[in-house]
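Enquirer: Going by my numbering, the first residue of the sequence shown is number 6, and it counts up by one from there. Positions of the beta carbon are idealized from the N, C-alpha and C atoms, including for glycine. Computed from a predicted model, the values in this text were never measured in an experiment. Here it is: the structure, laid out below.
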Amino acid sequence: MTSASAAADKVQDSRPFEVAARVGYVVLGLLHLVIGLIAIGIATGGGGENADQSGALQQVRDTPFGPLLLWVIVVGLAALAVWQIAEAVVEHDGDAKKRWAHRAKFVGTAVAYIAIAATAFTLAVGGRSESAESSKTLTAQVLAMPGGVALLVIVGLGVAAIGVAFVIRGVTRAFKKHMSIPSGNRGRGIRTFGTVGYVAKGIAVGVAGILFVVAAFTHDPNTAGGIDSALRSLAGLPFGQVVLWLVGAGLVVYGVFCFARARYAQM
């Protein structure tokens with residue numbers, strides 16, 4: 006067998022896994038669409054559901070094909086997580102600091118995908134999962150530890166930094182480096198959706214991180230409730246309902262961008 010044919014066989018063998026990973030991006034798009042719509046519902050006086058991954062997954066579960074869709078979500082996100090870990094392993098940036106920063110980003114993203122997949126799995130087998138309650142329980146456990154306040158502050162600042170990174174990634178359009186975006190109006194639309202979506206998600210994640218810091222200084226674990234608490238806290242700001250509506254709409258836009266990412270991501 007020639008090296009060319011061996012390479013072709015290797016590419017062909019990886020196609021089913023690549024398809025599963027691209028399905029994972031579609032799954033992310035669906036979840037962000039639902040979270041964004043729930044946030045808009047909260048801004049307009051409705052939205053009793055949790056505006057986070059567990060709330061979105063519960064909405065999926067309640068559809069006619071909910072259990073099947075949950076298993077698709079598990080497989081797709083698991084494939085995406087493995088893909089991110091593989092990216093971390095083969096990362097070869099010449100700058101050592103950048104190389105390890107990229108690896109940390111890939112591994113962190115993989116952990117996030119695995120967490121959402123685990124929530125989907127729990128719901129698929131008939132269990133219950135509440136992201137907000139889990140965040141509050143974890144916060145209470147951390148606060149009860151020696152040095153727990155300092156640790157929770159570090160966690161909160163880390164989450165806030167991730168939010169800032171999302172905003173920067175959107176403003177600088179750094180996401181383009183990992184996509185084969187077409188030219189013309191379609192490409193401009195994808196870039197615009199990516200910018201708006203990343204900024205909106207960055208705001209939501211950043212506020213969630215700030216709430217962890219607030220929980221640490223107030224010793225109140227109920228303050229830290231993840232994305233759901235972050236979005237609901239926006240409603241309490243001056244013009245908060247407008248801000249929350251815009252962030253919710255931005256998350257919907259990010260969901261649409263994820264659909265484009267499923268098609269044009271370099272994998």
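Can you list, in chain order, the stretches of the alpha helix (DSSP H) that have 4 or more residues and sit fully within the segment 244-271?
Expert: Listed in chain order, the complete alpha helix (DSSP H) runs (minimum 4 residues) inside the segment 244-271 are 245-269.
Enquirer: Taking 8 Å as the cut-off, does the segment 119-133 touch the segment 59-74 (at least 3 CB pairs, one atom from each stretch)?
Expert: The segment 59-74 is in contact with the segment 119-133.
Enquirer: So who's on the other strand from Met184, going by DSSP bridges?
Expert: Working through the sequence shown from its first residue, we reach residue 184 at position 179. Answer is Ala270.
Enquirer: Note the first and the last residue of the continuous alpha helix (DSSP H) segment covering His107.
Expert: What you label residue 107 is simply residue 102 of the sequence shown in a count that begins at 1. From DSSP, the alpha helix (DSSP H) with His107 extends over Ala101 to Ala129.
Enquirer: Considering only residues of the same chain and omitting the five flanking positions on each side of Ile121, which have a CB-CB separation below 6 Å?
Expert: Residue mapping note: residue 121 aligns to position 116 of the sequence shown, counting from 1. Around Ile121: Gln58 and Leu82.
Enquirer: Grab the span of the alpha helix (DSSP H) containing Asp57 for me, first residue to last.
Expert: Residue numbering aside, residue 57 sits at position 52 when the sequence shown is read from its first letter. No alpha helix (DSSP H) holds Asp57; DSSP gives it neither H nor E.
Enquirer: Output needed for Ala12: all residues of its chain with C-beta closer than 8 Å, excluding positions within five of it in sequence on either side, in chain order.
Expert: Numbered from its first residue, the sequence shown carries residue 12 at position 7. Model confidence at Ala12 stands at a pLDDT of 40, short of 50, so the residue's coordinates are unreliable; what they give is reported in the following sentence. Answer for Ala12: no residue qualifies.
Enquirer: Taking only runs that begin and end inside the segment 132-181, name each unbroken alpha helix (DSSP H) of 4 or more residues, in chain order.
Expert: You should have 136-148 and 153-176.
Enquirer: Exposed or buried, what is Ile273 when buried is set at 16 or more other beta-carbons lying within 10 Å of its beta-carbon?
Expert: Outside the shown range of the chain (6 to 272) lies residue 273, about which nothing can therefore be said.
Enquirer: For Ala213 and Pro21, what's the separation of their Cα atoms in angstroms?
Expert: Residue mapping note: residue 213 aligns to position 208 of the sequence shown, counting from 1. Residue mapping note: residue 21 aligns to position 16 of the sequence shown, counting from 1. Roughly 36 Å between the two C-alpha positions.
Enquirer: Using only CA atoms, which one of Phe70, Asp225, Val252 and Cys263 lies nearest to Gly199?
Expert: To locate residue 199, count along the sequence shown from 1; it is residue 194. For Gly199, the nearest C-alpha among the options comes from Cys263.
Enquirer: If the criterion is Cβ atoms closer than 9 Å, does the pair Leu236 and Leu38 meet it?
Expert: Within the sequence shown, the letter at position 231 stands for residue 236. Within the sequence shown, the letter at position 33 stands for residue 38. Their beta carbons are not under 9 Å apart, which means Leu236 does not touch Leu38 by this criterion.
Enquirer: Asn55 and Lys141: beta carbons closer than 9 Å?
Expert: Here residue 55 corresponds to residue number 50 of the sequence shown, with the count starting at 1. Here residue 141 corresponds to residue number 136 of the sequence shown, with the count starting at 1. Going by C-beta atoms, Asn55 is not nearer than 9 Å to Lys141.
Enquirer: Between Ala101, Asp100, Val252 and Lys110, which has its C-alpha nearest Ala93's C-alpha?
Expert: For the purposes of this step, residue 93 is taken as residue 88 along the sequence shown, with counting starting at 1. Among Ala101, Asp100, Val252 and Lys110, the Cα nearest to that of Ala93 is on Lys110.
Enquirer: Does any residue of chain D have a CB that is nearer than 9 Å to the CB of Val247?
Expert: Considering every chain present, this structure includes no chain D. It has just one protein chain.
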